[in-house]
Amino acid sequence: MSGESTDRATGGLPSMFERYKIPLGLVVLVVALRPLITSEMVLGYNAIASKMLIMMLFVAGFNLLFGYTGLLSFGHAMFLGFGIYIPAILVLNGAWVLPAGGNITFLVGVILALAAVAVYGYLLGTLIVGMGEIYFALLTLAFSQAIYFIVLRNPGELTGGSNGLTQGTLPDFVEQTRGEIAIEAFGLSLDWYWAVAVVFLLGMLALWQIVRSPFGRSLVAVSENEQLARAMGVDTTSYKIWSVTFSGVFSALAGVLLMIQNSGAAIENLSVFTSGDTVLMAVLGGVNYFFGPVVGAFSWLFVEDFLTNFELWQFPLSEVTFVTVDLSDILVYWQFLLGALFVVVVLTAPEEGIWGYIRSVASWLRKRMQQVRA
Amino acid sequence: MTLLTVENLEAGYETGQVLFGVDLVVEESELVSLLGRNGAGKTTTLRSVAGAAEPTVLGGEITFGSEQLAGVAPYSIAQRGLSFVPEARRCFPRLTVRENIRLAINHASDPKDLETVLDFFPELSEMREKQARNMSGGEQQMLAIARALAANPQLMLLDEPFEGLAPYIVRRIEDIIAEINDQQGIAVLLVEQNVAAAVAVADRHYILDEGRIVESVSTTQLRENEEMRQRYLGV
Numbered sequence: 001m002s003g004e005s006t007d008r009a010t011g012g013l014p015s016m017f018e019r020y021k022i023p024l025g026l027v028v029l030v031v032a033l034r035p036l037i038t039s040e041m042v043l044g045y046n047a048i049a050s051k052m053l054i055m056m057l058f059v060a061g062f063n064l065l066f067g068y069t070g071l072l073s074f075g076h077a078m079f080l081g082f083g084i085y086i087p088a089i090l091v092l093n094g095a096w097v098l099p100a101g102g103n104i105t106f107l108v109g110v111i112l113a114l115a116a117v118a119v120y121g122y123l124l125g126t127l128i129v130g131m132g133e134i135y136f137a138l139l140t141l142a143f144s145q146a147i148y149f150i151v152l153r154n155p156g157e158l159t160g161g162s163n164g165l166t167q168g169t170l171p172d173f174v175e176q177t178r179g180e181i182a183i184e185a186f187g188l189s190l191d192w193y194w195a196v197a198v199v200f201l202l203g204m205l206a207l208w209q210i211v212r213s214p215f216g217r218s219l220v221a222v223s224e225n226e227q228l229a230r231a232m233g234v235d236t237t238s239y240k241i242w243s244v245t246f247s248g249v250f251s252a253l254a255g256v257l258l259m260i261q262n263s264g265a266a267i268e269n270l271s272v273f274t275s276g277d278t279v280l281m282a283v284l285g286g287v288n289y290f291f292g293p294v295v296g297a298f299s300w301l302f303v304e305d306f307l308t309n310f311e312l313w314q315f316p317l318s319e320v321t322f323v324t325v326d327l328s329d330i331l332v333y334w335q336f337l338l339g340a341l342f343v344v345v346v347l348t349a350p351e352e353g354i355w356g357y358i359r360s361v362a363s364w365l366r367k368r369m370q371q372v373r374a
Numbered sequence: 001m002t003l004l005t006v007e008n009l010e011a012g013y014e015t016g017q018v019l020f021g022v023d024l025v026v027e028e029s030e031l032v033s034l035l036g037r038n039g040a041g042k043t044t045t046l047r048s049v050a051g052a053a054e055p056t057v058l059g060g061e062i063t064f065g066s067e068q069l070a071g072v073a074p075y076s077i078a079q080r081g082l083s084f085v086p087e088a089r090r091c092f093p094r095l096t097v098r099e100n101i102r103l104a105i106n107h108a109s110d111p112k113d114l115e116t117v118l119d120f121f122p123e124l125s126e127m128r129e130k131q132a133r134n135m136s137g138g139e140q141q142m143l144a145i146a147r148a149l150a151a152n153p154q155l156m157l158l159d160e161p162f163e164g165l166a167p168y169i170v171r172r173i174e175d176i177i178a179e180i181n182d183q184q185g186i187a188v189l190l191v192e193q194n195v196a197a198a199v200a201v202a203d204r205h206y207i208l209d210e211g212r213i214v215e216s217v218s219t220t221q222l223r224e225n226e227e228m229r230q231r232y233l234g235v
């Protein structure tokens, strides 16, 4: 809308910062994440950083539907699956005039995947958004399971069934050397993390634009009070359908990245566990905030990897150790610990999540600072 | 000219029928109140006109301008120039003042612009980036009316606009409603328990009892007829 920019109070650096804090935050995240997370003291390997960005994008796509529209999808893995399988199948087999393995084939596969998921999302939305919240959750679960079992059946030897697709799914511009992935294009070599970072940033900025646009504000209205939104002239059904569609497209985009990250398609990514984890990550981070899913996916993957790799607690540092505690007996129950964290978050602040906590602590500190100064 | 005609309206919920043939008329630019005891069917009447999901309309006709409203989707009713301000949960808590109003502007067929609306509500103009959930009840009611005004409707339906508000805010909302009606020429149909406030703003009053309109009176008639007030309104 034309008036959108003139509505805001203008002037000064602080207001510019206030206005663009989300893009700034995303850039800071992308730049800081890998050095922080992959240092020896923390997780110590590279692939986790790009995996985190991919899952953040996926969960953020999911949260467009859940946090912003109020529709809980229990089968979001199916949207991820479009992005994983369609390009992989096309690159592996080629199609019509497209040769197998080519870069063009891959790009066509990506476009086809996003177009297919958009059409599928729109049709699915049309079919099920009117059924009410509980049936929406159950039907997304049902459709997702149906797709899972079709892929498991390995129709036409295309999907690889329970083995997934492990060979020949990557386009030529993806180079693999000793587990590290790089993108080779136009004589340049780009580290995989930065390639993911670029797609992540573009995807998240697009999501941010959607969320703050009149369309996105209408979605929030639908999620908060559907009857009132309708009474104000919002065609709530149509908004919900478009939300399913967009959410599916962003999730499929994350799926494309995940296919390259894993050098293939794994059926686990389509399973009900993936869908469930998505919901948990979003809730853990805080569904009411743009950064909620980012924080949720980060915390989840961090805890998962950190706790499973962390056996000896050496205090204060491994070089100068005073106390050593063997934690491996406790940490085999890492899922229980993660579950406990989740329960604490949900019981104390269901829609706020970890990001909500961080925000309230920050605002409390800011108030204290002002009081001290005054 | 007649703006809204409700004829022989019957409506109810799963638990039973509430309205048994309501007839009422709102003329263009008129300010009309619908009074009655708790459970008389005031809110049900208003919600039926607005096309809300509940109650279910069982019979009768609702004509707005020259169009029948029965079976028309509520969002489409709103786009035809009828703004409904419900009783509870009137605002979108996570949206700011500006976003709440802008939402109405974006979904109306012939809206006012944001600044025109805010000029009308200096209080809101000063807190345009505040989220509705951080506002007082009176401010939220003001925002709900501002949002309804932004759609530039021909008719505004207000469900208990004075409920739960401090007396001085009640007076401020009375002024706002009167101004909207006077200056903007927008017809208002309001439902109210607070008879004093309704009498202060409305020109004409319908009294609803057990799902039927039992009286249609002017403000003077209502003031003078204590027996009527006692019998139907308990005041």
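Chains as they are written, first to last, in our numbering: chain A, 1 to 374; chain B, 1 to 235. Idealized CB from N, CA, C, for every residue including glycine.
Review point. When the Cβ atoms of the region 191-199 of chain B are set against those of the region 33-44 of chain B, are three or more pairs found closer than 8 Å?
Key: The answer is yes - the region 33-44 of chain B touches the region 191-199 of chain B, with three or more Cβ pairs under 8 Å.
Review point. So which residues on chain B does residue 145(A) lean against when the C-beta distance must stay under 7 Å?
Key: Along the first sequence, one-based indexing puts residue 145(A) at 145. Correct list: empty, because the minimum Cβ distance to chain B is about 31 Å.
**Study point:** Collapsed DSSP secondary structure at residue 16(B) in the structure displayed
**Key:** Taking the second sequence and counting its residues from 1, the one referred to as residue 16(B) is at position 16. Residue state, collapsed to three classes: strand.
Check your understanding: If we ignore side chains and look at the alpha-carbon of each, how far apart do residue 365(A) and residue 372(A) end up?
Key -> Counting from 1 along the first sequence, the entry for residue 365(A) is found at position 365. Counting from 1 along the first sequence, the entry for residue 372(A) is found at position 372. Taking the straight line from one Cα to the other gives about 10 Å.
Exercise for review: Rounded to whole angstroms, what's the CA-CA distance from residue 166(B) to residue 208(A)? Just pull it up for me.
Suggested key: Taking the second sequence and counting its residues from 1, the one referred to as residue 166(B) is at position 166. Taking the first sequence and counting its residues from 1, the one referred to as residue 208(A) is at position 208. About 40 Å.
Practice item. Report the partner residues of residue 176(A) according to the DSSP bridge assignment. Key: In the first sequence, the residue the question calls residue 176(A) occupies position 176. Bridge partners of residue 176(A): 181(A).
Check your understanding: Just reading off the beta strand (DSSP E) that residue 156(B) is part of, what are its end residues?
Key -> Position 156 of the second sequence, counting from 1, holds the residue named residue 156(B). Start and end: 155-159.
**Study point:** Straight-line Cα distance separating residue 293(A) from residue 73(B)
**Key:** Here residue 73(B) corresponds to residue number 73 of the second sequence, with the count starting at 1. Here residue 293(A) corresponds to residue number 293 of the first sequence, with the count starting at 1. Taking the straight line from one Cα to the other gives about 35 Å.
Check your understanding: Skipping 5 residues on each side, what residues in its chain have a beta carbon closer than 6 Å to that of residue 172(A)?
Key -> Locating residue 172(A) in the first sequence gives position 172, where the first residue counts as 1. Hits under 6 Å: 103.
Review point. Does residue 79(B) get closer than 9 Å to chain A when you measure Cβ to Cβ?
Key: Taking the first residue of the second sequence as position 1, residue 79(B) is located at position 79. Yes, residue 79(B) lies at the interface with chain A (some Cβ there is under 9 Å from its Cβ).
Review point. Looking at the unbroken beta strand (DSSP E) that takes in residue 207(B), where does it start and where does it end?
Key: What you label residue 207(B) is simply residue 207 of the second sequence in a count that begins at 1. First-last of the beta strand (DSSP E) with residue 207(B): 204-209.
Point to revise | Check whether residue 51(B) and residue 69(B) have beta carbons under 9 Å apart | key: By one-based count along the second sequence, residue 51(B) stands at place 51. By one-based count along the second sequence, residue 69(B) stands at place 69. Yes, Cβ-Cβ distance for residue 51(B) and residue 69(B) is below 9 Å.
Practice item. Pull out every residue of the region 158-172 of chain B whose Cβ sits closer than 7 Å to any Cβ of chain A, in chain order. Key: none
Check your understanding: residue 278(A) and residue 119(A) look like a contact to me (Cβ under 8 Å); what is the Cβ gap, rounded to whole Å?
Key -> Within the first sequence, residue 278(A) is the residue found at index 278, counting from 1. Within the first sequence, residue 119(A) is the residue found at index 119, counting from 1. Not really, about 22 Å apart at Cβ, beyond 8 Å.
Practice item. Mind checking who residue 59(B) pairs with in its DSSP beta bridge? Key: Here residue 59(B) corresponds to residue number 59 of the second sequence, with the count starting at 1. Answer by DSSP bridge pairing, in chain order: 10(B).
Check your understanding: So, helix, strand or coil for residue 191(B), using DSSP?
Key -> Sequence index remark: in the second sequence, residue 191(B) carries index 191 (1-based). Three-state DSSP puts residue 191(B) in a strand.
Review point. Would the beta-carbon of residue 281(A) be found less than 8 Å away from any heavy atom of the ligand GTP?
Key: As far as ligands go, the structure on display features none, and thus does not contain the ligand GTP.
Review point. Which residues in the same chain as residue 2(A) place their Cβ atom closer than 8 Å to its Cβ, once the five residues preceding and following it in sequence are excluded?
Key: Indexing the first sequence from 1 puts residue 2(A) at position 2. With a pLDDT of 37 at residue 2(A), under the threshold of 50, the modelled position of this residue cannot be trusted, and the question is left open.
Review point. Okay, do the region 190-199 of chain A and the region 286-300 of chain A touch, 3+ Cβ pairs below 8 Å being the bar?
Key: no
Check your understanding: Who does residue 184(B) pair with in a DSSP beta bridge?
Key -> Here residue 184(B) refers to the residue found at position 184 of the second sequence. According to DSSP, residue 184(B) bridges with nothing at all.
**Study point:** Any chain A beta carbon closer than 9 Å to residue 205(B)
**Key:** Position 205 of the second sequence, counting from 1, holds the residue named residue 205(B). It does not: the Cβ of residue 205(B) has no partner Cβ on chain A nearer than 9 Å.
Review point. What whole-angstrom Cβ distance do residue 208(B) and residue 45(B) have, given they're in contact under 8 Å?
Key: For the purposes of this step, residue 208(B) is taken as the residue at position 208 of the second sequence. For the purposes of this step, residue 45(B) is taken as the residue at position 45 of the second sequence. Contact holds; Cβ gap of about 7 Å.
**Study point:** Neighbourhood of residue 349(A) by C-beta distance below 6 Å, restricted to the same chain and skipping five residues each side
**Key:** Working through the first sequence from its first residue, we reach residue 349(A) at position 349. For residue 349(A), where only same-chain residues beyond five positions count, the Cβ hits under 6 Å are 356.
Practice item. Using three-state DSSP, classify residue 1(A) as helix, strand or coil. Key: Translated into positions along the first sequence, residue 1(A) becomes position 1. Since pLDDT at residue 1(A) reaches only 37, below the 50 mark, its modelled position is unreliable, and no value is offered.
Review point. For residue 75(B) and chain D, any beta-carbon pair shorter than 9 Å?
Key: Absent here is chain D; the protein component of the structure consists of chains A and B.
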